[in-house]
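>
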Amino acid sequence: ALRARALNGMGEYALTRALVQDIDTADWSTDLTSEALIAYLASGDVTGACPSVRLQGSVREDGEWQMLQAICNAYAGESALAAAQLDRALGRGIAPRIDVLLARRFAGAAGRGQRAVEIEWDEVEELAPWRFALATSLGEAVPEDLLNSALTARGGAYYARSGALLPMLPAVQRARFAGRAARDGILSSDAMVDLYSEVYADPAATGDAAQNAVTLREAYLAAEPSTRIAAMQQLWGAGNALGGGDGYGARVLTAYAAARIPADAALADEAGDLIAAMLTAGLDRDALAWRGVVKDGSLGWALIVLSAPRSNGVGQGAVESFISDDDSTGSRKSAFLVAGLAGLGRLNAGDSRALADNLGIDLARQTRWSRAIARAADVGNPALVALLAGLGMQGSSWQQMTPLHLFHITSALNRVGMGAEARMIAAEAVARG
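Going by our numbering, the final residue of the sequence shown carries number 840, and the count climbs one at a time with no gaps.
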């Protein structure tokens, strides 16, 4: 149950579903059942929960459980019983009217004899996972104002992470959610390219998604590198819908297109953005091709010295050059660079202390969490280090990430043989700032 909860918390609903399906339904605890239901709804597999719902019977009495019981009865061939249960649910008000109407429509799809159901959204003030799951499964359009409000509200990541992978939605609709899902690590660069390839191949596709698909094709296939870079820049600046809030989702989308650009001194000014895109897909060796092109102290240089598999160390002067040119808010990029290099052991102790002092950060400060992750690294426990690293990066936005956390995360991961992960986390921190 704890593993299922952790996966759900990360938005990995398909993995949660796979996890619970490996356990006999008769052995599910109440907590595991609750997490499984979250995953089944989020992945659009409403009836996937039926074995547990029918087996566990009246273990729960809430409205959602009773509606699920009715739906599962309908799909087990007991349509009359299901209709009666949903009539009672509507009459007794065990759940909001819209929820029961959606359940009625869903149950009615199981067989004959169900009444026509008109879905009425007029008085609905907010979206909920139940409404989103059943409406999308039924092909019932969710009102734009409800969906937009849900996506921008606290907890809106749920709808992006779920919607990006719902197989019943056409690609042009999934694209709406893809940027945020990619930013959150739910969609890889390959998955993003596949999605926009579907959009491009759909002759009926219109709107921003269709235009972005055309632009992505230009980023891959244009004859001149400058034209391909211009197409990528257009995607990077396409706004929140594509970029996933801070634009990072667009970097994920263009990772392999960026890797196809030849390392050329004439393109050195664009190297930082190109390398940032490459590293979203872990393409550190492609990034290394730019080592002889980028200027010491530039963004491209910073990303390379963090992500390179091997390093002879970094001098204080080049880092100071980066700091002097850093225009990020609160010099966050500089602070992350120093913390990442120190955590990876690529700055000597004296230089890291001096640079940290100049930036006003204290990498020596200890907390219960920092002591725990350091101890896990001391005893060579990579699983616990990874878990504590994830705990240290919890927050409602990237802005809550701190240089102190980055230092301890990269140091601990590097010490337990997870250097590649440490390097990519450090590079991402500097790229996002």
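Ideal placement from N, C-alpha and C gives every residue a C-beta, glycine not left out.
Suppose only complete runs of 4+ residues qualify. What are the alpha helix (DSSP H) ranges in the stretch 411-465, listed by chain order?
Listed in chain order, the complete alpha helix (DSSP H) runs (minimum 4 residues) inside the stretch 411-465 are 420-428, 437-449, 457-463.
> Need the endpoints of the alpha helix (DSSP H) that Gly-720 sits in, please.
Where Gly-720 is concerned, there is no enclosing alpha helix (DSSP H), given that its DSSP letter is neither H nor E.
> Could you please give the first and the last residue of the uninterrupted alpha helix (DSSP H) stretch that includes Gln-492?
486-499 is the span of the alpha helix (DSSP H), which, as asked, contains Gln-492.
> With a threshold of 7 Å on Cβ separation, who are the neighbours of Ile-711 within its own chain once the five nearest residues in sequence on each side are excluded?
Counting only Cβ-Cβ distances below 7 Å, and skipping sequence neighbours, we find Ile-682, Ala-694, Leu-695, Trp-697, Arg-698, Val-701.
> Count the other CB atoms within 10 Å of the CB of Ala-709; is the residue buried (16 or more) or exposed (fewer)?
Buried: at least 16 other Cβ atoms inside 10 Å.
> With Ser-759 as the anchor, note down where its alpha helix (DSSP H) starts and where it stops.
Unbroken alpha helix (DSSP H) run through Ser-759: 756-766.
> Would you mind reading off the limits of the alpha helix (DSSP H) that contains Val-579?
It spans 578-590 - the alpha helix (DSSP H) in which Val-579 sits, taken as one unbroken run.
> Looking at Ala-854: is its Cβ nearer than 8 Å to the Cβ of Ala-645?
Any question about residue 854 goes unanswered here, given that the chain covers just 408 to 840.
> What's the call for Gln-807, buried or exposed, on a 16-neighbour Cβ count within 10 Å?
Classification of Gln-807: exposed, given that the 10 Å Cβ count is below 16.
> What separation, rounded to the nearest whole angstrom, lies between the Cα atoms of Asp-732 and Gln-640?
Distance between the alpha carbons of Asp-732 and Gln-640 is about 21 Å.
> Quick one: what's got a C-beta closer than 6 Å to Ala-827's C-beta in the same chain, skipping five residues either side?
Closer than 6 Å at Cβ, skipping near neighbours: no residue.
> So what's Pro-789 in DSSP terms, helix, strand or just coil?
Pro-789: helix per DSSP, three-state reduction.
> Can you tell me where the alpha helix (DSSP H) holding Thr-559 begins and where it ends?
551-559 is the extent of the alpha helix (DSSP H) around Thr-559.
> Among Ser-556, Ala-829, Ala-620, Ala-725, which one has its Cα closest to the Cα of Arg-842?
The chain is shown from 408 up to 840; residue 842 falls before or after that span and cannot be answered.
> Expressed to the nearest angstrom, what Euclidean distance is found between the alpha-carbon atoms of Ala-496 and Glu-468?
Distance between the alpha carbons of Ala-496 and Glu-468 is about 12 Å.
> Measuring alpha carbon to alpha carbon, tell me which of Gly-515, Val-524, Glu-485 ends up nearest Arg-504.
It is Val-524.
> So, Gly-679 versus Ser-714, is the Cβ gap smaller than 8 Å?
Cβ atoms of Gly-679 and Ser-714: not closer than 8 Å.
> Please check the pair Glu-442 and Arg-412, which I expect to be a contact at CB under 8 Å, by giving their CB distance rounded to whole angstroms.
Confirmed, about 5 Å.
> So Leu-576 packs on Ala-421, CB below 8 Å; how close in whole Å?
Contact doesn't hold; Cβ gap of about 15 Å is too wide.
> Is the stretch 755-763 touching the stretch 794-805 in the sense that three or more CB pairs, one from each, lie closer than 8 Å?
No, because fewer than three Cβ pairs between the stretch 794-805 and the stretch 755-763 fall closer than 8 Å, the two stretches do not touch.
> Between Thr-440 and Ser-459, is the Cβ-Cβ spacing less than 8 Å?
Their beta carbons are under 8 Å apart, which means Thr-440 touches Ser-459 by this criterion.
> Could you give the C-beta distance for Val-721 and Arg-753, rounded to a whole number, given that I count them as a contact under 8 Å?
Indeed, because the Cβ distance is near 5 Å, the residues count as touching under 8 Å.
> Quick check on the burial criterion: 16 or more other C-beta atoms within 10 angstroms. Buried or exposed for Asn-555?
The residue is exposed, with fewer than 16 neighbouring Cβ atoms inside 10 Å.
> When burial is assigned at 16 or more other CB atoms within 10 Å of the CB, is Asp-845 buried or exposed?
Residue 845 lies beyond the stretch modelled for the chain, which goes from 408 to 840, so this question has no answer here.
> Could you spell out the range, first to last residue, of the alpha helix (DSSP H) harbouring Trp-708?
Run containing Trp-708: 706-714, per the alpha helix (DSSP H) assignment.
> Tell whether a beta-carbon distance below 8 Å holds between Val-600 and Leu-660.
Yes; because the gap between Cβ atoms is below 8 Å, this pair is in contact.
> Let me know the secondary structure DSSP gives Leu-690 once reduced to three states.
Three-state result, Leu-690: coil.
> Alpha carbon to alpha carbon, how far is Asp-615 from Arg-587? Give it in angstroms, no decimals.
Computed Cα separation, rounded: 15 Å.
> When you compare each of Met-417, Ser-450, Gly-455, Gly-451 to Gln-428 by their alpha carbons, which one comes out closest?
When only C-alpha atoms are compared, the closest one is Gly-455.
> Can you give the Cα-Cα distance for Pro-610 and Gln-473, rounded to whole angstroms?
If I take the Cα positions, the gap works out to 42 Å.
> For the alpha helix (DSSP H) containing Asp-597, name the first residue and the last one.
Where Asp-597 is concerned, the enclosing alpha helix (DSSP H) stretches over 596-608.
> Quick check on Gly-515: buried or exposed, where buried means 16 or more other Cβ atoms within 10 Å of its Cβ?
With 16 or more Cβ atoms within 10 Å of its Cβ, Gly-515 is classed as buried.
> If distances are taken between C-alpha atoms only, which option among Leu-748, Leu-751, Leu-811 comes closest to Trp-776?
The option with the nearest alpha carbon to Trp-776 is Leu-811.
> Could you check which residue in Arg-511, Gly-592, Arg-635 has the C-alpha nearest to that of Ile-668?
Closest by alpha carbon: Arg-635.
> Since Ile-816 is in the alpha helix (DSSP H), which residue starts that stretch and which ends it?
Note, Ile-816: alpha helix (DSSP H), 810-822.
> Taking its Cβ as the centre, do 16 or more other Cβ atoms sit within 10 Å of Asn-415, making it buried, or is it exposed?
Buried: at least 16 other Cβ atoms inside 10 Å.
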